[in-house]
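Only one structure is covered here, and it is reproduced in the block below.
Protein chains: 2
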Amino acid sequence: MNKRTYNFYPGPATLPTEVLEQAQSELLNWQNKGISVMEISHRSKEYIELAMKAEQDLRDLLNIPTNYKVLFMQGGAHLQFSCTALNLLDKNQSSDYVVTGIWSQKALKEAQKIAKANVIFDGSKYNFTDIGDVSNWQLNSDAGYVHYCSNETVGGLQLRELPNVGDVPLVCDMSSDILSRPIDISKFGLIYAGAQKNMGPSGITVVIVREDLLTRSANTNIPSMLNYNTYAGSDSMYNTPPTFAWYLLGLVLKWLKKQGGLSEIAKLNYSKQQMLYDYIDNSNFYSNKITHKYRSYMNVPFYLKDENLNQQFIDGANKRGLLGLKGHRLVGGMRASIYNAITIEAMQKLIEYMQEFAKENN
Amino acid sequence: MNKRTYNFYPGPATLPTEVLEQAQSELLNWQNKGISVMEISHRSKEYIELAMKAEQDLRDLLNIPTNYKVLFMQGGAHLQFSCTALNLLDKNQSSDYVVTGIWSQKALKEAQKIAKANVIFDGSKYNFTDIGDVSNWQLNSDAGYVHYCSNETVGGLQLRELPNVGDVPLVCDMSSDILSRPIDISKFGLIYAGAQKNMGPSGITVVIVREDLLTRSANTNIPSMLNYNTYAGSDSMYNTPPTFAWYLLGLVLKWLKKQGGLSEIAKLNYSKQQMLYDYIDNSNFYSNKITHKYRSYMNVPFYLKDENLNQQFIDGANKRGLLGLKGHRLVGGMRASIYNAITIEAMQKLIEYMQEFAKENN
Numbered sequence: 342m343n344k345r346t347y348n349f350y351p352g353p354a355t356l357p358t359e360v361l362e363q364a365q366s367e368l369l370n371w372q373n374k375g376i377s378v379m380e381i382s383h384r385s386k387e388y389i390e391l392a393m394k395a396e397q398d399l400r401d402l403l404n405i406p407t408n409y410k411v412l413f414m415q416g417g418a419h420l421q422f423s424c425t426a427l428n429l430l431d432k433n434q435s436s437d438y439v440v441t442g443i444w445s446q447k448a449l450k451e452a453q454k455i456a457k458a459n460v461i462f463d464g465s466k467y468n469f470t471d472i473g474d475v476s477n478w479q480l481n482s483d484a485g486y487v488h489y490c491s492n493e494t495v496g497g498l499q500l501r502e503l504p505n506v507g508d509v510p511l512v513c514d515m516s517s518d519i520l521s522r523p524i525d526i527s528k529f530g531l532i533y534a535g536a537q538k539n540m541g542p543s544g545i546t547v548v549i550v551r552e553d554l555l556t557r558s559a560n561t562n563i564p565s566m567l568n569y570n571t572y573a574g575s576d577s578m579y580n581t582p583p584t585f586a587w588y589l590l591g592l593v594l595k596w597l598k599k600q601g602g603l604s605e606i607a608k609l610n611y612s613k614q615q616m617l618y619d620y621i622d623n624s625n626f627y628s629n630k631i632t633h634k635y636r637s638y639m640n641v642p643f644y645l646k647d648e649n650l651n652q653q654f655i656d657g658a659n660k661r662g663l664l665g666l667k668g669h670r671l672v673g674g675m676r677a678s679i680y681n682a683i684t685i686e687a688m689q690k691l692i693e694y695m696q697e698f699a700k701e702n703n
Numbered sequence: 342m343n344k345r346t347y348n349f350y351p352g353p354a355t356l357p358t359e360v361l362e363q364a365q366s367e368l369l370n371w372q373n374k375g376i377s378v379m380e381i382s383h384r385s386k387e388y389i390e391l392a393m394k395a396e397q398d399l400r401d402l403l404n405i406p407t408n409y410k411v412l413f414m415q416g417g418a419h420l421q422f423s424c425t426a427l428n429l430l431d432k433n434q435s436s437d438y439v440v441t442g443i444w445s446q447k448a449l450k451e452a453q454k455i456a457k458a459n460v461i462f463d464g465s466k467y468n469f470t471d472i473g474d475v476s477n478w479q480l481n482s483d484a485g486y487v488h489y490c491s492n493e494t495v496g497g498l499q500l501r502e503l504p505n506v507g508d509v510p511l512v513c514d515m516s517s518d519i520l521s522r523p524i525d526i527s528k529f530g531l532i533y534a535g536a537q538k539n540m541g542p543s544g545i546t547v548v549i550v551r552e553d554l555l556t557r558s559a560n561t562n563i564p565s566m567l568n569y570n571t572y573a574g575s576d577s578m579y580n581t582p583p584t585f586a587w588y589l590l591g592l593v594l595k596w597l598k599k600q601g602g603l604s605e606i607a608k609l610n611y612s613k614q615q616m617l618y619d620y621i622d623n624s625n626f627y628s629n630k631i632t633h634k635y636r637s638y639m640n641v642p643f644y645l646k647d648e649n650l651n652q653q654f655i656d657g658a659n660k661r662g663l664l665g666l667k668g669h670r671l672v673g674g675m676r677a678s679i680y681n682a683i684t685i686e687a688m689q690k691l692i693e694y695m696q697e698f699a700k701e702n703n
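Chains Y and D, in that order, give the protein sequences.
With the first letter of the first sequence counted as 1, position 73 gets the number 414 in the working numbering; the numbers rise by one all the way through.
With the first letter of the second sequence counted as 1, position 129 gets the number 470 in the working numbering; the numbers rise by one all the way through.
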């Protein structure tokens, strides 16, 4: 048996143990072929079957309508920051950006290299701890799209309600909360997500796009690897895809179905975050700065009463096999990333440790 | 023990068995940490160490001069087709392209979306079976760079001599023959290669670039993920890299060093191709159409005397555990891809089968 530690890294992040065990068992002998899945051609019928199954499982889990394409790309959310602006804007058209933290700021910055992008909400006035009232966003009805990030991994701030932006396509960076709960895909024009939080290893990115939006970049001179039509027209196999990452993504989706799908995983995620925030709020040693309504269910930043104890907290956690708890350098403190694959047991171990550390140092 | 078959796929391709065995043994417990290498943050000191070691091993193996940067990117050679033109050309500058097959044609097509690209050699007049005399290339001294593909995977044509292009930077798509033999890096301005032939799994791309060329795109509006400076300035960790693919690449490099480095692997590759071409040339059943001087040491396309037997040949090969021998749909016939990880034993098994098949069907 493998001794597994508790891994709260923000991404690449922990994967379900049984996914890794299956990958391990067949790593040199996939489907009894005497080769690894990473050694087979992406053009082989066996691999194509694997890829199509992963897409179907994603469609089943998210209930993706038939007028949406699912694309498998590389380059992470960062490449999507450029792809969205390149693919979705007509000439001289601008876009609307909701800035709720570091990731949406980065998305805005990349989009501004390509076309005019309006900031319709700037959360920096709240130091990215609040979003305020979504109905106050100053939407431009002629914008090519409205972009937001549903979960800010660094700040630990999540917008769970789906914003109503009228007829303008809603574009969402869902990298760190996709598949954590059921959502209504039909409310979106496009969703993108790097896999390395809730879906698999790093190196593969999922894009879900409403078909009619693909016409906007159909006959453009965008580099092929950045044009959504390249992927939509080739089942994402125009060039060699990241085959092993796609395979692991497929295993994670299979695991998710086995857990009962997104409604079940949402219940688990609700319980997990409640355990941790409740403990933090009731302690006089730890604190979280985010407005309650917008607290992230995926990434929980917290601060020790005495910041001088940070390193001691981390060292003690590592000794107990609680990894990845150091906060992002831009915000400091601690952060527990509690994606789908984090178990209740892991939450209990974390909270136990936090209790003991507080007791010893309060 | 795992029973391994012989895998002649063109890419993703066979990997050294001992690389896969190491990956398997530590898949759930890397460095005794109780987590997988694909679950650890790319910002952790352990992962950064792994990444730096891979770069150093690549530098050692290829003897990369200190004035060259090594970048680890995503998107395969296809994304590099765009990156080269975006990063290496001054405004209104054109580039020179040598077209020796399908891959250099694709590179040209992408470059032409961005700027003027001159075709200085067009091998389609030889049906891509010959390159003729390299000294006849019509070089433009004011070109931003000269681009060629050192090994055309589909056609099975390789340019082993390093072309002399004067002071214009030489750019090479080395995806399918990098690390197959020693080369003089100092003759190049930039080399790029997808990993999935000789270096690792798909999903990671290596770029080796002479530092002075980076100034050309230093202050441009190129999307960050396509700008070489983004990677050069962040040890290729501006965003989350494909961490597991990078890890496997590192294991392959370690394996290569253990084999004795590139001079030893070059001897092995020389022997392997010689065995196969000798057999083909001496048979009256198989043929290869490429001018001898330019025959690829990595990908050996061959045709049966009777093309109606193609499917029978493939079926028989699969039954014996000889996989991936079907030729590319654009050129038909058969193809044996015999990258570094293909053993002499695999070559013997292939040739034995070819002999028997010829005997039975001649």
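Note that beta-carbon positions come from the ideal geometry of N, C-alpha and C, so glycine has one too.
| query | result |
| --- | --- |
| Which listed residue (Asn568(Y), Ala458(Y) and His419(Y)) has its alpha carbon closest to that of Tyr438(Y) | Ala458(Y) |
| Under 9 Å between C-beta atoms of Ile549(D) and Leu403(D) | yes |
| Spatially closest choice to Gln653(D) from Val641(D), Tyr694(D) and His669(D), by CA coordinates | Tyr694(D) |
| Span of the alpha helix (DSSP H), counted from its first residue to its last, around Thr425(Y) | Gly417 to Leu429 |
| C-alpha gap between Lys374(D) and Gln365(D), whole angstroms | 15 Å |
| Minimum Cβ-Cβ distance from Ala586(Y) to chain D less than 9 Å | yes |
| For Leu664(D): DSSP bridge partner residues | Asn348(D) |
| Completely contained beta strand (DSSP E) runs for the segment 348 to 424 of chain Y, where each covers 3 or more residues | 409 to 414 |
| Sheet register partners of Arg551(D) (DSSP bridge) | Tyr409(D) |
| Neighbouring residues, chain D, relative to Glu396(Y) (Cβ below 7 Å) | Within chain D, no residue comes near Glu396(Y); the closest Cβ sits about 18 Å away, beyond 7 Å. |
| Distance between beta carbons of Met414(D) and Leu420(Y), contact taken as under 8 Å | Leu420(Y) to Met414(D), Cβ: 10 Å. No contact. |
| Segment contact flag, the segment 516 to 534 of chain Y with the segment 543 to 558 of chain Y, C-beta cutoff 8 Å, min 3 pairs | yes |
| Segment contact flag, the segment 432 to 449 of chain D with the segment 568 to 587 of chain D, C-beta cutoff 8 Å, min 3 pairs | no |
| Rounded separation between Gln614(Y) and Pro357(Y) - CA only | 18 Å |
| CB contact check: Ser445(Y) to chain D, cutoff 9 Å | no |
| Val512(D) (DSSP reduced to helix, strand or coil) | strand |
| Continuous alpha helix (DSSP H) assignments of at least 4 residues falling wholly in the segment 603 to 671 of chain Y | 651 to 660 |
| Span of the beta strand (DSSP E) around Tyr438(Y) | Ser436 to Val440 |
| Asn560(D) in three-state terms, based on DSSP | coil |
| Cβ of Asn492(Y) within 9 Å of any chain D Cβ | no |
| Rounded C-alpha distance that separates Asn640(D) from Ala484(D) | 31 Å |
| Residue of Lys690(D), Phe469(D), Trp587(D) and Asp514(D) minimising C-alpha distance to His383(D) | Trp587(D) |
| Candidates Pro504(Y), Leu589(Y), Gly464(Y) and Met393(Y): closest to Leu368(D) by CA position | Leu589(Y) |
| Contact residues within the segment 559 to 579 of chain Y, judged by C-beta distance below 7 Å to chain D | Asn562, Pro564, Ser565 and Met566 |
| Bridge partner(s) assigned by DSSP for Val487(Y) | Asp437(Y) and Leu511(Y) |
| C-beta neighbour in chain D for Ile455(Y), strict 9 Å | yes |
| Asn343(Y) to Ile461(Y) span [Cα, whole Å] | Any answer about Asn343(Y) is weak, because its pLDDT of 47 lies below 50 and its placement is not dependable; what the coordinates show is given next. About 49 Å. |
| Contact set for Ala418(D): own chain, Cβ-Cβ below 6 Å, skip 5 residues either direction | Asp514, Ser516 and Gly535 |
| When Lys667(D), Pro510(D) and Leu597(D) are compared against Met352(D), the one with the closest alpha-carbon | As written in the sequence, residue 352(D) is Gly, which differs from the Met given in the question. Nearest option by C-alpha distance: Lys667(D). |
| Residues of the segment 411 to 423 of chain D whose Cβ lies closer than 7 Å to any Cβ of chain Y, in chain order | Gln415, Gly416, Gly417, His419, Leu420 and Ser423 |
| N- and C-terminal bounds of the alpha helix (DSSP H) containing Ile569(D) | One detail in the question is off: residue 569(D) reads as Tyr in this sequence, not Ile. From DSSP, the alpha helix (DSSP H) with Tyr569(D) extends over Tyr569 to Ala573. |
| Reduced DSSP secondary structure (H/G/I, E/B, other) of Ser295(D) | Given a span of 342 to 703 for chain D in the structure shown, any question on residue 295(D) remains unanswerable. |
| Beta-carbon spacing of Ile519(D), Lys538(D) below 9 Å | yes |
| Own chain partners of Leu429(D) with C-beta closer than 8 Å, once the 5 adjacent residues on each side are dropped | Ser436, Gly485, Tyr486, Pro510, Val512, Gly530, Leu531, Leu554, Arg557 and Ser558 |
| Met675(Y): first and last residue of the uninterrupted beta strand (DSSP E) it sits in | Met675 to Ser678 |
| Below-9 Å beta-carbon distance, Ile381(Y) vs any chain B residue | Annotation note: the requested chain B is absent from the structure, which comprises protein chains Y and D. |
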